[in-house]
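Written below as structure tokens is the structure these notes are about.
Chains as they are written, first to last, in our numbering: chain A, 3 to 476; chain B, 860 to 1346.
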């Protein structure tokens, strides 16, 4: 029997806010333990949470970026469980009325596009971090109370690779929207993976296994690649699967039982009485919607279609938004978008990287690139000359035409001077000249090079070729 | 004697320079030395800090500060043991907090300080405000100044006892199901429970977050009005506090009851009310009528579900609020081999019986499979109870009821019967569920022994001004508030 995997992901990501979710402490990674803390995020007696407005905005914004509904009523709930890193021994989260529901993410997978439906993206507070030492344990509460978005997908994923590509697409969207820095090294993104298998072609879901607390995307991919065959083998050998929570042992490369259904927590959710329900009004939602940015995939498709540039060039402009913006300004009304893309990617991007500067620092307007491409295309300067013009442009600004003029870079197409250089080249190199006459067409390139050298690059190569051929065949 | 004065009489003398804040504070300390061995209202007392604050108040007075700007300047006020004041304990009368000292000032504490109050001493309460007698305090019960054999009520029993014993000029308590009004009634003082959202809860040890409200216990209605004015108002640190204007409560006092409509809820006048309480109450109603009030019988059909609803909502919220006392970050810790046994040992040792009972009850009603039948249903009934009040307030300005069905009971009498204890709050609980305001003030005494009887007035949401005016008109026409316990 052939089986298929049914996979859903719960992705937790830390929101990019200045302060924590319910207090004024800094949302900052890497500080000395328990320095970004206050009575509120330590769960002292008598403290109360006050929601972070920016976190609420970023949550709604995520909703729009993931094509979700953003309901006009949402609320916070308490999720009760005892653990040393949970300062109040309950976590404030959203249970039955989350801030966003029912969306989807489109992403490239293999040769095509895939869509994963999003069940919800809800807001909660992060917990602290337990550290274990030889004789004792400690808890660092710097992370406690950092706003955390939990993005729950429908079980629409079918393979480890698909899950991996979905996660990367999701990450790109979140970074793009300014929602989260998604820095995996700093633990800003963590995943729970829900996996079951079923005979291919059937609809009913199999027994679900949850793998908790994955903190790398490659780990997710490996864990799925281990877990799916494990489940299939169990079923094929006549065994049964139990609903359970497992953990990924990265060293051994296997998943291991953490707890079974009988030992599942009863979180005793109930509405958080310290916080009023959220009732975002139209004006507030409109202000959030005004922050919506174009999604990476949409941008890529638009660049390919509108400007006729190759997908890999479009990828560069998706990955580097300011550079893409510069390109878009330049390309408007230009005759040769591909050439402009080449200049922006190959030359401009390289120089920016070398000098550690940004497009905002540039001393020239995007139209200068258009002008540069136009004078190259018109044959006024060679592409080598173009390099020289660009270098000057980048260094000191100005207009390409003025630079060509000032540096005397205009190509020589005047037949008198050109013919003279060509005759000298033929006379000085009788060997290649004979080769050409005897039918070795490539031999002309050597002669061409000599002419270019003599002209110090100013000769128009096309006219040189034509003149040489005429003289040799003459 | 200085310690016998009302708050307003004291501030008049302070303003006139007849007495100093230091003298007022010393009078309270002397009184505490004299009587608190019998009353046991004070759990802890920082004398140097208290005198330091009093001296600062004297300096402010000398520099021209006035009671118009700081209505409590130089007034010694005690605090229930659950308010967070920087550097001071906030034990909630529980062992579990150990040597905890608050690292911050709560909003009420800050506002009272801003108003010039000398905040001193932590007074007794039922552990985590769970009880009606202070018998659930981990540090021993307080005694009713009118009869030391009897309880002062609870949970703010230490507040009421300290005011009635004249150990302070006022005390600040909290009311979750009657915890200010019931002890005020039992000790013969005035206890005000403001509308939910009127006073910030930031810095108040949380018991039942959707029911808790801070309020004053004082000698008369005017003092209560002054104290409420100093504490009320929106607080950006408490999302449930309401941004409505704070009127000058004290300035509004002095009217009569002409044209005031008082509602007599049929369901409150049940069998089982102590005959002397009933007689005093009936006389109070007549008195109000004589002062010009119209009395209307009203119906609050869901009253009988109040206690049951309360013990689901309150315990559910408390079970979560008290989870933080786990021995990890602060307070008492009893070690274990792993976190789970550390929790069990710490909480098993740290909490008293009633607290454990309510945590278990609250955990149960929130459990998977029971949530809909208990918590969700209770929330629905709560809405119905709230509607009872809304409907009643369509026809009347306030409700008039006894505060408690009986006068102070003897210590130990109800300790074996939690349900009987819970019924002590039968008339006060609905007000918290509805989130509206209420006040208890003296309306007479039983004959033998002489024990105070409380009259309860329940007002419209954010209608504290009108409620205080009605209470004040009644109070000024009767002698009860001038009586003092003979200690």
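For glycine and all other residues, C-beta sits at the position ideal for the given N, C-alpha and C.
Mapping DSSP to helix, strand and coil, what is residue 1168 (chain B)?
The DSSP-derived three-state label of residue 1168 (chain B) is helix.
Anything in chain A within Cβ reach of residue 1068 (chain B), meaning under 9 Å, just list it in chain order.
Near residue 1068 (chain B) (Cβ distances below 9 Å), the residues of chain A are 50, 274, 275 and 276.
For residue 1099 (chain B), decide whether its Cβ has a neighbour in chain C, counting only Cβ atoms nearer than 8 Å.
The structure shown has no chain C; the protein chains it does contain are A and B.
Kindly provide the ranges of any alpha helix (DSSP H) runs that are 4 or more residues long and lie completely inside the segment 328-382 of chain A, ordered along the chain.
Listed in chain order, they are 339-344, 351-357 and 368-379.
Which residue from A:431, A:10 and A:31 puts its Cα closest to that of residue 122 (chain A)?
Closest by alpha carbon: A:10.
Cβ contact check for the segment 1046-1064 of chain B and the segment 47-66 of chain A: 3 or more pairs under 8 Å
Touching, yes, given that three or more Cβ pairs across the two stretches are closer than 8 Å.
Coarse secondary structure for residue 24 (chain A), derived from DSSP in three states
Coil, per DSSP.
Given 8 Å as the limit, is there contact between the segment 1165-1176 of chain B and the segment 1220-1230 of chain B, that is, 3 or more CB pairs closer than that?
Yes, the segment 1165-1176 of chain B touches the segment 1220-1230 of chain B.
Span separating the alpha-carbon of residue 388 (chain A) from that of residue 373 (chain A)
Roughly 11 Å separates the two Cα atoms.
Using only CA atoms, which one of A:105, A:242, A:181 and A:75 lies nearest to residue 158 (chain A)?
When each option's Cα is compared against that of residue 158 (chain A), the closest is A:105.
Run of the alpha helix (DSSP H) containing residue 511 (chain A), from where it starts to where it stops
The first residue shown for chain A is 3 and the last is 476, placing residue 511 (chain A) beyond what the model contains.
What's the C-alpha gap between residue 884 (chain B) and residue 982 (chain B)?
For residue 884 (chain B) and residue 982 (chain B), the distance between alpha carbons rounds to 16 Å.
Under 8 Å, do residue 1316 (chain B) and residue 1326 (chain B) count as touching if we go by C-beta distance?
In this structure, residue 1326 (chain B) lies closer than 8 Å to residue 1316 (chain B) by Cβ.
Note down, in chain order, every chain A residue with its Cβ under 8 Å from the Cβ of residue 1198 (chain B).
Chain-ordered, the chain A residues with CB closer than 8 Å to the CB of residue 1198 (chain B) read 84, 85 and 86.
Using 10 angstroms around the beta-carbon of residue 352 (chain A), count the other beta-carbons present and answer buried if the total reaches 16, otherwise exposed.
Classification of residue 352 (chain A): exposed, given that the 10 Å Cβ count is below 16.
Over the uninterrupted beta strand (DSSP E) stretch that includes residue 141 (chain A), give me the two end residues.
Residue 141 (chain A) -> beta strand (DSSP E) spans 139-142.
Inspect the CB distances between the segment 204-214 of chain A and the segment 166-186 of chain A and report whether three or more fall short of 8 Å.
The answer is no - the segment 166-186 of chain A does not touch the segment 204-214 of chain A, with fewer than three Cβ pairs under 8 Å.
Taking residue 1396 (chain B) as the reference, give the member of B:1097, B:1019, B:996 and B:1059 with the closest Cα.
Given that chain B is displayed from residue 860 to residue 1346, the structure contains no residue 1396 (chain B) and the question cannot be resolved.
In chain order, which continuous runs of the beta strand (DSSP E) of length 3 or greater are located wholly inside the segment 893-972 of chain B?
Whole beta strand (DSSP E) segments, 3+ residues: 901-903 and 935-939.
Secondary structure of residue 1405 (chain B), DSSP reduced to three states
With chain B represented from 860 up to 1346, any question about residue 1405 (chain B) goes unanswered, as that position is not in the structure.
How should residue 90 (chain A) be labelled, buried or exposed, when 16 other C-beta atoms within 10 angstroms of its C-beta is the threshold for buried?
The C-beta of residue 90 (chain A) has 16 or more other C-beta atoms within 10 Å across all chains shown, which makes the residue buried.
Alpha carbon to alpha carbon, what distance is there between residue 474 (chain A) and residue 445 (chain A)?
Whole-angstrom Cα-Cα distance: 11 Å.
Proximal residues to residue 827 (chain B) (C-beta, below 8 Å), its chain only, five neighbours per side dropped:
A question about residue 827 (chain B) goes unanswered here, because the residues of chain B that appear run from 860 up to 1346.
Complete runs of the beta strand (DSSP E) confined to the segment 1251-1305 of chain B [at least 3 residues]:
Runs of beta strand (DSSP E) with 3 or more residues, each lying fully within the segment 1251-1305 of chain B, are found at 1257-1261 and 1296-1304, listed in chain order.
Under 8 Å, do residue 1021 (chain B) and residue 901 (chain B) count as touching if we go by C-beta distance?
Result yes, Cβ atoms of residue 1021 (chain B) and residue 901 (chain B) sit closer than 8 Å.
CA-to-CA distance, residue 143 (chain A) to residue 39 (chain A), given in whole angstroms
Approximately 7 Å, taken between the alpha carbons.
Which ranges does the alpha helix (DSSP H) cover as unbroken runs of at least 4 residues, wholly within the segment 1056-1114 of chain B, from first to last along the chain?
Inside the segment 1056-1114 of chain B, DSSP marks whole alpha helix (DSSP H) runs of 4 or more residues at positions 1080-1090, from first to last along the chain.
Return no unless some Cβ of chain A is closer than 8 Å to the Cβ of residue 1046 (chain B).
With its beta carbon at least 8 Å from every one in chain A, residue 1046 (chain B) lies outside the interface.
Within the continuous beta strand (DSSP E) that includes residue 996 (chain B), where are the two ends?
Here residue 996 (chain B) belongs to no beta strand (DSSP E), and DSSP marks it neither H nor E.
Going by CA-CA distance only, name the one from A:87, A:281, A:77 and A:21 that's closest to residue 56 (chain A).
Put simply, of A:87, A:281, A:77 and A:21 the residue whose alpha carbon is nearest the alpha carbon of residue 56 (chain A) is A:21.
Reduced DSSP secondary structure (H/G/I, E/B, other) of residue 61 (chain A)
In the structure shown, residue 61 (chain A) sits in a helix (DSSP, three-state: H, G or I).
Would you kindly check if the distance between the Cβ of residue 24 (chain A) and the Cβ of residue 140 (chain A) is under 8 Å?
At the C-beta level, residue 140 (chain A) and residue 24 (chain A) stay beyond 8 Å of one another.
Hey, is residue 90 (chain A)'s beta-carbon within less than 8 Å of any beta-carbon in chain B?
Yes, its Cβ sits closer than 8 Å to a Cβ of chain B.
Relative to the C-alpha of residue 78 (chain A), which residue among A:110, A:112, A:117 and A:126 is closest?
When C-alpha distances from residue 78 (chain A) are compared across A:110, A:112, A:117 and A:126, the shortest belongs to A:126.
So for residue 186 (chain A), helix, strand or coil by DSSP?
Residue 186 (chain A): helix per DSSP, three-state reduction.
Where does the unbroken alpha helix (DSSP H) through residue 395 (chain A) begin, and where does it stop?
Taken as a continuous stretch (DSSP letters only), the alpha helix (DSSP H) holding residue 395 (chain A) covers 385-398.
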